[in-house]
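Each remark here refers to the structure printed beneath this line.
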Amino acid sequence: VLLDDDGAVIAEGFHRGAGTPHAEAVALDAAGERARGATAVVTLEPCRHTGRTGPCAQRLVEAGVARVVFAQSDPNPMAAGGATLLRGAGVEVVAGVMAGEAETVNREWSAAMRLQRPFVTWKTGVTLDGRVAAADGTSRWITSAASRRDAHALRAKCDAILVGTGTALADDPALTAREVEAARQPLRVVAGLRDLPPSSRLLDDAAETLVLRTRDPHEVLAALWRRECRHVLLEGGPTLAAAFVGIGLVDEVVAYVAPTLLGAGPSALGDLGIRTIADAPRWCLLSADVIGDAGSQRDVRLTLTPGPPRPGTPEPHRKDG
Ligand SMILES: NC(=O)c1ccc[n+]([C@@H]2O[C@H](COP(=O)([O-])OP(=O)(O)OC[C@H]3O[C@@H](n4cnc5c(N)ncnc54)[C@H](OP(=O)(O)O)[C@@H]3O)[C@@H](O)[C@H]2O)c1
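Under this note's numbering, the residues of the sequence shown are numbered 3 to 323, in order.
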């Protein structure tokens, strides 16, 4: 947001996604000459590197902006240093205003920048006894329509949706964000060595699909990172999920637990090699929400992060809705 001396808004901008102009450039274009002497208020430290778009710090200087207030320092080592550039050019800089809030808003992106790989959310729909399919391989549907709609909203927030060839062959999923407003369809990604039949839904033109002929999770994430994917939704079956969980490449779990029991069939996660309870890793519960209305199937959506709760972890909220 660009503000004049009285605090009135001159222009606004936001970043629509990878490869599009940064928020600063959008706002400066809209403001034109009126940006001279203005205050720019931004969530993230203006970048100083030339990627697919030019350095924002330089543009702010050239536009004659007098003051820049930002919340979060840029965690991307390639892009950091904007504040120094601005100060060097005589622009007043105020850093760290509501930094915690900005970090929360940009949670997955910030973590990805720190880790230099995409943030991985593993989403699974399970029965009360933790199964993701029946003994005959059928899995449609374990969770309710409301949960599936919720999961589509989750898809719409991600850059890529990843499955293994096992899920692609068994379920022939479309892996698109439906029933929700999606600014763009996430990239569909299949990992594994087997071929997909040409009739696979994943090969239709509803969205772009990347077929990665590898079983190496690091290689998968590196390929997605190069394509500027910062948040990946892992929707694979137990094999791929175990491969990622087993080497610490899952940053968040979203599990929809349905009020049904199967007693047989594959469980959510393949063998991690854990043989005794003391070796079981503990996860931290962030939230537990009831999804669905009374009178229809109601599931529970659990959101977890790896590791035991740490001091300062907020109380998990329990919500009916
Ligand atoms: N309820 C749910 O939320 C849910 C979600 C997804 C799937 N499912 C169910 O899960 C079942 C499919 O399970 P799945 O385990 O076969 O699916 P998967 O994990 O999606 O795919 C497994 C396949 O991916 C390939 N692969 C890629 N990376 C790998 C790695 N690091 N390690 C090992 N293999 C790797 C292997 O095939 P190659 O031989 O081709 O390399 C492997 O057989 C279906 O019944 C489906 O309905 C349920």
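We put the CB at the ideal spot given by N, CA and C, even for glycine.
Problem - Which of helix, strand or coil DSSP assigns to F246 - result: Three-state result, F246: helix.
Problem - Cβ neighbours of A85 in the same chain (closer than 7 Å, five flanking residues each side left out) - result: Result list for A85: E47, V95 and A97, in chain order.
Handout entry: Nonlocal neighbours in the same chain, by C-beta distance under 7 Å from P240, ignoring five residues either side
Key = Taken in chain order, the residues that qualify are V134, P268, S269, A270, L271 and G272.
Exercise for the section: Please classify G323: is it buried, with 16 or more other beta-carbons within 10 angstroms of its beta-carbon, or exposed? Expected result: Unreliable positioning characterises G323 in this predicted model, as indicated by a pLDDT of 41, which lies under 50. The coordinate reading is nonetheless provided below. The residue is exposed, with fewer than 16 neighbouring Cβ atoms inside 10 Å.
Handout entry: V259, enclosing alpha helix (DSSP H) - first and last residue
Key = Taken as a continuous stretch (DSSP letters only), V259 belongs to no alpha helix (DSSP H), being part of the beta strand (DSSP E) at E254 to A260.
Exercise for the section: Compare the C-alpha of A290 against each of M115, A260 and I276 and name the closest. Expected result: Closest option to A290, Cα to Cα, is A260.
Problem - Counted within 10 angstroms of its Cβ, other Cβ atoms place P283 as buried (16 or more) or exposed - result: When all chains shown are included, P283 counts as exposed.
Problem - Within the segment 136–214, ranges of the alpha helix (DSSP H) (whole runs, at least 4 residues) - result: Every alpha helix (DSSP H) stretch that sits fully inside the segment 136–214 and reaches 4 residues is listed by chain position as 147–159 and 167–173.
Handout entry: Candidates T216, A81, D174 and C286, of which the one nearest Q118 by Cα
Key = Measuring from the Cα of Q118, the nearest candidate turns out to be A81.
Practice task
Measure the Cβ-Cβ separation of C231 and P120 and say whether it is below 7 Å.
Solution key: The criterion of a C-beta distance shorter than 7 Å is satisfied by C231 and P120.
Problem - Opposing strand residues paired with V122 [DSSP bridges] - result: V122 is bridged by DSSP to V234.
Exercise for the section: Between the Cα of T380 and those of V256, D7 and T278, spot the shortest distance and give me the residue it belongs to. Expected result: This structure does not reach residue 380, given that the chain is present from 3 up to 323, and the question cannot be answered.
Practice task
Assign D8 to one of three DSSP states: helix, strand, or coil.
Solution key: The DSSP-derived three-state label of D8 is coil.
Practice task
Out of D281, E105, A10 and A148, state which residue places its alpha-carbon closest to the alpha-carbon of A73.
Solution key: Of the listed residues, the one whose Cα sits closest to A73 is E105.
Handout entry: As assigned by DSSP and simplified to three states, the class of E14
Key = In the structure shown, E14 falls within a coil segment according to DSSP collapsed to helix, strand and coil.
Practice task
Taking only heavy atoms of ligand 1 into account, decide whether any of them is closer than 6 Å to the Cβ of R217.
Solution key: The answer is yes for R217.
Handout entry: Short Cβ contact (7 Å threshold) for A37 with A65
Key = It is a contact, given that the beta carbons lie within the stated cut-off.
Practice task
Return the residue from the list P219, H220 and R229 that minimises the CA-CA distance to T211.
Solution key: Across the set P219, H220 and R229, the C-alpha of R229 shows the shortest separation from the C-alpha of T211.
Exercise for the section: State the DSSP-derived secondary structure class of D31, mapped to helix, strand or coil. Expected result: Of the three classes helix, strand and coil, the one that applies to D31 here is helix, per DSSP.
Problem - Cutoff 7 Å: L204 Cβ touching any chain B Cβ - result: This model lacks chain B altogether, as it is built from one protein chain only.
Problem - heavy atom of ligand 1 below 6 Å from L195 C-beta - result: Yes, Cβ of L195 sits closer than 6 Å to a heavy atom of ligand 1.
Practice task
Pull up the CB-CB distance for L204 and R186, whole angstroms please, since I reckon it's below 8 Å.
Solution key: Between L204 and R186 a beta carbon distance of about 17 Å is seen, past the 8 Å cut, so the two are scored as non-contacting.
Problem - Proximity below 7 Å, CB of E110 to CB of H17 - result: Taking 7 Å as the cut-off, the Cβ atoms of E110 and H17 do not count as close.
Problem - Pairwise C-alpha distance: V3 and V165 - result: One C-alpha to the other measures close to 39 Å.
Handout entry: A296 to G238 span [Cα, whole Å]
Key = Separation of A296 and G238 (C-alpha to C-alpha, rounded to the nearest whole angstrom) is 30 Å.
Practice task
Using beta-carbon positions only, say whether V192 and V213 come within less than 7 Å of one another.
Solution key: Their beta carbons are under 7 Å apart, which means V192 touches V213 by this criterion.
Practice task
Kindly list the residues whose CB is nearer than 6 Å to the CB of V247, restricted to its own chain and excluding five residues on each side of it in sequence; keep chain order.
Solution key: Excluding sequence neighbours, V247 sits near nothing in its chain.
Problem - Identity of the residue in R303, R277, L287 and A266 nearest S141 by Cα - result: Closest option to S141, Cα to Cα, is A266.
Handout entry: A2 in three-state terms, based on DSSP
Key = Residue 2 cannot be examined here, being either before or after the span of the chain that is shown, 3 to 323.
Practice task
Out of T216, L195 and E254, state which residue places its alpha-carbon closest to the alpha-carbon of L287.
Solution key: For the residues T216, L195 and E254, the minimum Cα distance to L287 belongs to E254.
Practice task
Check E47 in the structure and name its three-state DSSP category.
Solution key: Here E47 sits in coil by DSSP.
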